[in-house]
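Protein chains in written order, with this note's numbering: chain A, 66 to 391; chain B, 133 to 452.
For glycine and all other residues, C-beta sits at the position ideal for the given N, C-alpha and C.
All values reported here derive from a predicted model rather than from experimental measurement.
Since the structure comes first, as structure tokens, the remarks are kept for the end.
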Amino acid sequence: MRFPGLVENEILKFARQRRFRVVVLILVALIGLIVFAQSRGRERFLGGKDWHVETQERMARIQNWLRDGRMPKSSQRWARFELDRLRYHVDRDVNPDAVSGPLFVRGFANAASYLLLPLLAIVFASDVVSAEFAQGTIKLLLTRPVARARVLASKLAALLLAITLTVLFGGIVAYLFGGIAYGYGGWEAPVLTGFRSSGERLDPAAVRSIVLWKDTVLAYGLAWFAALCVGAIALLTSVLLRSTAAAMGTMLAALIAGTILPRLAPSWEAQKFLFVTNLPLPDYYSGTPPPIPGLTVGFAAATLAAWAVAALAAAFLVFVKRDVLA
Amino acid sequence: MSTAATLSGSSREIVLSAEHLTKRFGRREAVSDVSFDVRAGEVFGFLGPNGAGKTTTIRMLVGLARPDHGRVQIRGLDLSRNFEKAMGHVGCIVEAPDLYKYLTGRENLLHFSRMLPEGAAERIPELARLVALSERLDDKVSTYSLGMRQRLGIAQALLGNPDILILDEPANGLDPAGIREIRQLMRHLASERGIAVFVSSHLLSEVEQTCDRVAIIHRGRTLAAGPVRELVDRVASDRLRLIARPVKRAAEILAPFGAAEIADDDRGADEGAIDARIPKERVPDALRALTAAGVDVFAVERSLASLEEVFLEVTGGETV
Numbered sequence: 066m067r068f069p070g071l072v073e074n075e076i077l078k079f080a081r082q083r084r085f086r087v088v089v090l091i092l093v094a095l096i097g098l099i100v101f102a103q104s105r106g107r108e109r110f111l112g113g114k115d116w117h118v119e120t121q122e123r124m125a126r127i128q129n130w131l132r133d134g135r136m137p138k139s140s141q142r143w144a145r146f147e148l149d150r151l152r153y154h155v156d157r158d159v160n161p162d163a164v165s166g167p168l169f170v171r172g173f174a175n176a177a178s179y180l181l182l183p184l185l186a187i188v189f190a191s192d193v194v195s196a197e198f199a200q201g202t203i204k205l206l207l208t209r210p211v212a213r214a215r216v217l218a219s220k221l222a223a224l225l226l227a228i229t230l231t232v233l234f235g236g237i238v239a240y241l242f243g244g245i246a247y248g249y250g251g252w253e254a255p256v257l258t259g260f261r262s263s264g265e266r267l268d269p270a271a272v273r274s275i276v277l278w279k280d281t282v283l284a285y286g287l288a289w290f291a292a293l294c295v296g297a298i299a300l301l302t303s304v305l306l307r308s309t310a311a312a313m314g315t316m317l318a319a320l321i322a323g324t325i326l327p328r329l330a331p332s333w334e335a336q337k338f339l340f341v342t343n344l345p346l347p348d349y350y351s352g353t354p355p356p357i358p359g360l361t362v363g364f365a366a367a368t369l370a371a372w373a374v375a376a377l378a379a380a381f382l383v384f385v386k387r388d389v390l391a
Numbered sequence: 133m134s135t136a137a138t139l140s141g142s143s144r145e146i147v148l149s150a151e152h153l154t155k156r157f158g159r160r161e162a163v164s165d166v167s168f169d170v171r172a173g174e175v176f177g178f179l180g181p182n183g184a185g186k187t188t189t190i191r192m193l194v195g196l197a198r199p200d201h202g203r204v205q206i207r208g209l210d211l212s213r214n215f216e217k218a219m220g221h222v223g224c225i226v227e228a229p230d231l232y233k234y235l236t237g238r239e240n241l242l243h244f245s246r247m248l249p250e251g252a253a254e255r256i257p258e259l260a261r262l263v264a265l266s267e268r269l270d271d272k273v274s275t276y277s278l279g280m281r282q283r284l285g286i287a288q289a290l291l292g293n294p295d296i297l298i299l300d301e302p303a304n305g306l307d308p309a310g311i312r313e314i315r316q317l318m319r320h321l322a323s324e325r326g327i328a329v330f331v332s333s334h335l336l337s338e339v340e341q342t343c344d345r346v347a348i349i350h351r352g353r354t355l356a357a358g359p360v361r362e363l364v365d366r367v368a369s370d371r372l373r374l375i376a377r378p379v380k381r382a383a384e385i386l387a388p389f390g391a392a393e394i395a396d397d398d399r400g401a402d403e404g405a406i407d408a409r410i411p412k413e414r415v416p417d418a419l420r421a422l423t424a425a426g427v428d429v430f431a432v433e434r435s436l437a438s439l440e441e442v443f444l445e446v447t448g449g450e451t452v
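Pasting the structure below:
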């Protein structure tokens, strides 16, 4: 009857299904692989050179490409931006490619925010309601003296908790593995962030220096928020489709479409209103040039939140009103 | 009036009442204007062939589906307006006893006790004993037989001390021993604990043996409702079986009083059985006519109809 008991039920169901263990394994295996591959590649890449020298060389390479003129328009924009970013680092005497365990953790937030974490959120969310239909247990769950809205609310609470734990766990595993490869210290190092393009060039006014741990907390907060929003949208597909496979398939298709669309159709501006385009919140925050001009972290977060709220409203409405005939 | 009729007399409190339930799927009316009351302490049978609208009706009784017309009242509470309170009085199994297979029996019961007012969890040991599952309670449900799942489902339904237990085809998929166990359990719950038991079935013999009252549903409509004995009597009141010699002559004499037919096995025999349909008030005359004609009558008995015959009669010949 009491809400905590209902949430406890949903957590029990999460924890006792194989899914949760699979997700934990995926995270450990994937992060381990990334660290291993990166540390290998890195040794070859630097070859013991000083970072000042290495960065200057890279800037020269980019300038050559630009002068060459054969680069496509969209890449030119990115190249100029990167050039400005590197120059800015050299001017401030901050290594743009510094490595440390904490920096790896920070980088993981960006990398995971647009595919891995949403993917895991989808894995959790897609069967929250549909599994009850598939098992037939929905008939028991909805004939107990608990209003349907409260049943779904308890499921939502457990889902948000599971996603939160997954993001936290991802960060912890990244730190553990990153630390093995690059050392555990360096949380106090300054990082330059907020690179924003104003038209064609980098806007130096927006660049700030921030202590790494604060930057990391912010980035993870954004990645977490994005994952929660994806979870809310996936919950709606689970309610609507009543089949885990169909719900997961739909969300995965959306996710994949979202990662290719900006590359295939960069000029279609309306795609910035799609939820998938707005998932890489940490990227938009740290100032990688956005795929669509005009995407800022604030806009992206607001768009995601609007999607999530609308999805939840629809999910509750359908769940409460619809006849259970399966 | 038979004993069943007095048992379910109007003195007993109505626990659940379905009033003019109607449900449409598109153009098809799956359930049309179905009404009945279920009273405390009785086993109420809901009989009909597969696809007659039984499960759809049950889904409306437990709030899984919304009726297009009509309403369900449980202990006087309107189900659609007072869902949480009304369902507090109900325990049910809809279609199959589907529980969480990856959890143990005990975990399943704990899960559903958390959806009830406090104290439900304390009843778990007692209920496990009642349905004879104490030994296997800590095994995963995936290892249970269908009969055990059915019993766990009943334990689950009883967790909240319901006033009415709604069971949808509880005999489905069970072996004869399992069917008997469930039947005894239902009778026990009704007579010892005063619970109203609503049970749907497509098996006539099942309903005949278990239920006090029955409603027959066919193509979404209730065709007959009442105490089982009363329904059977209504059909069977004019049925007689006689053993007579010579059987052929006896059949000829009885024919004017009503229908009379020699039993198949005895067509050629001298002495044999006759199945006759003679209204009660004409039976003495018929017997006098037989003796007057010198026919030996060895036995006369009222033949009891089965619910099946009731069913055939009310549905106009369609079998279950």
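From residue i to residue j, what distance separates their C-alpha atoms?
i	j	result
residue 291 of chain B	residue 305 of chain A	31 angstroms
residue 394 of chain B	residue 147 of chain B	48 angstroms
residue 360 of chain A	residue 349 of chain A	7 angstroms
residue 81 of chain A	residue 143 of chain A	46 angstroms
residue 323 of chain B	residue 245 of chain B	25 angstroms
residue 205 of chain B	residue 281 of chain B	29 angstroms
residue 163 of chain B	residue 157 of chain B	9 angstroms
residue 131 of chain A	residue 331 of chain A	20 angstroms
residue 403 of chain B	residue 376 of chain B	6 angstroms
residue 284 of chain B	residue 278 of chain A	53 angstroms
residue 133 of chain B	residue 361 of chain B	The predicted position of residue 133 of chain B is uncertain, since its pLDDT is 37 and thus under 50; no value can be drawn from it.
residue 294 of chain B	residue 435 of chain B	40 angstroms
residue 239 of chain B	residue 227 of chain A	20 angstroms
residue 373 of chain A	residue 324 of chain A	19 angstroms
residue 128 of chain A	residue 368 of chain A	36 angstroms
residue 378 of chain A	residue 297 of chain A	10 angstroms
residue 140 of chain B	residue 249 of chain B	Model confidence at residue 140 of chain B stands at a pLDDT of 43, short of 50, so the residue's coordinates are unreliable and nothing is read from them.
residue 162 of chain A	residue 235 of chain B	50 angstroms
residue 147 of chain A	residue 366 of chain A	24 angstroms
Residue i and residue j look like a contact to me (Cβ under 8 angstroms); what is the Cβ gap, rounded to whole Å?
i	j	result
residue 281 of chain A	residue 137 of chain A	Going by Cβ atoms, the distance from residue 281 of chain A to residue 137 of chain A rounds to 34 angstroms, so no, they are not a contact pair.
residue 182 of chain A	residue 100 of chain A	Actually they do not touch by this definition, with Cβ atoms about 17 angstroms apart.
residue 426 of chain B	residue 409 of chain B	Going by Cβ atoms, the distance from residue 426 of chain B to residue 409 of chain B rounds to 24 angstroms, so no, they are not a contact pair.
residue 287 of chain B	residue 262 of chain B	7 angstroms
residue 347 of chain A	residue 288 of chain A	5 angstroms
residue 195 of chain B	residue 297 of chain B	That belief does not hold up - the Cβ atoms of residue 195 of chain B and residue 297 of chain B are roughly 16 angstroms apart, past 8 angstroms.
residue 199 of chain A	residue 309 of chain A	6 angstroms
In the DSSP assignment, find the alpha helix (DSSP H) that holds residue i and state where it starts and stops.
i	result
residue 324 of chain A	309-329
residue 419 of chain B	415-424
Go to residue i, then tell me how far its beta strand (DSSP E) extends in each direction, as first and last residue.
i	result
residue 294 of chain A	Residue 294 of chain A -> not in any beta strand (DSSP E); alpha helix (DSSP H) instead, spanning 277-306.
residue 330 of chain B	328-333
residue 257 of chain A	255-258
residue 161 of chain B	160-171
residue 195 of chain A	Per DSSP, residue 195 of chain A belongs to no beta strand (DSSP E); it is in the alpha helix (DSSP H), 192-200.
residue 338 of chain A	Counting along the chain, residue 338 of chain A falls outside any beta strand (DSSP E), and DSSP gives it neither H nor E.
residue 433 of chain B	428-434
residue 178 of chain B	175-179
residue 359 of chain B	353-359
Along chain B, which residues have their Cβ under 8 angstroms away from the Cβ of residue i?
i	result
residue 77 of chain A	235, 239, 243
residue 73 of chain A	246
residue 307 of chain A	Under the 8 angstroms cutoff, chain B gives no residues; its nearest Cβ is about 14 angstroms from residue 307 of chain A.
List the residues of chain A that residue i touches, going by C-beta distances under 8 angstroms, in chain order.
i	result
residue 156 of chain B	Here the premise fails: no neighbours, minimum Cβ distance about 11 angstroms.
residue 195 of chain B	207, 208
residue 228 of chain B	201
residue 276 of chain B	Those within 8 angstroms of residue 276 of chain B in chain A number zero; the least Cβ separation is about 14 angstroms.
residue 231 of chain B	202, 205
Does the distance between the C-beta of residue i and the nearest non-hydrogen atom of the ligand FAD fall short of 7 angstroms?
i	result
residue 203 of chain A	Within the structure as shown, the ligand FAD is missing, as the structure has no ligands at all.
Check the Cβ of residue i against every Cβ in chain A and list those closer than 7 angstroms, keeping chain order.
i	result
residue 198 of chain B	388
residue 219 of chain B	208, 209, 210
residue 215 of chain B	212
Which residues in chain B have a C-beta closer than 7 angstroms to the C-beta of residue i? List them in chain order.
i	result
residue 70 of chain A	246
Which chain D residues sit within Cβ distance under 9 angstroms of residue i?
i	result
residue 288 of chain B	In summary, chain D is missing from the structure at hand, where the protein chains are A and B.
Which residues in chain A sit within 9 angstroms of residue i, going by Cβ to Cβ distance?
i	result
residue 224 of chain B	204, 205, 208
(request) Identify each residue in the stretch 354-388 of chain A for which the Cβ-Cβ distance to at least one residue of chain B is less than 7 angstroms, and report them in chain order. (result) Going along the stretch 354-388 of chain A in chain order, one finds 388 with a Cβ nearer than 7 angstroms to chain B.
(request) Mind checking the stretch 198-212 of chain A against chain B and listing, in chain order, the residues whose C-beta falls within less than 9 angstroms of any C-beta there? (result) So the close ones are 200, 201, 202, 203, 204, 205, 206, 207, 208, 209, 210, 211, 212.
(request) Name, going along the chain, the residues of the stretch 334-345 of chain A whose beta-carbon falls closer than 8 angstroms to a beta-carbon of chain B. (result) none
(message) Please list, in chain order, the residues of the stretch 74-104 of chain A that have any C-beta partner in chain B closer than 9 angstroms.
(response) 74, 77, 78, 81, 82, 83
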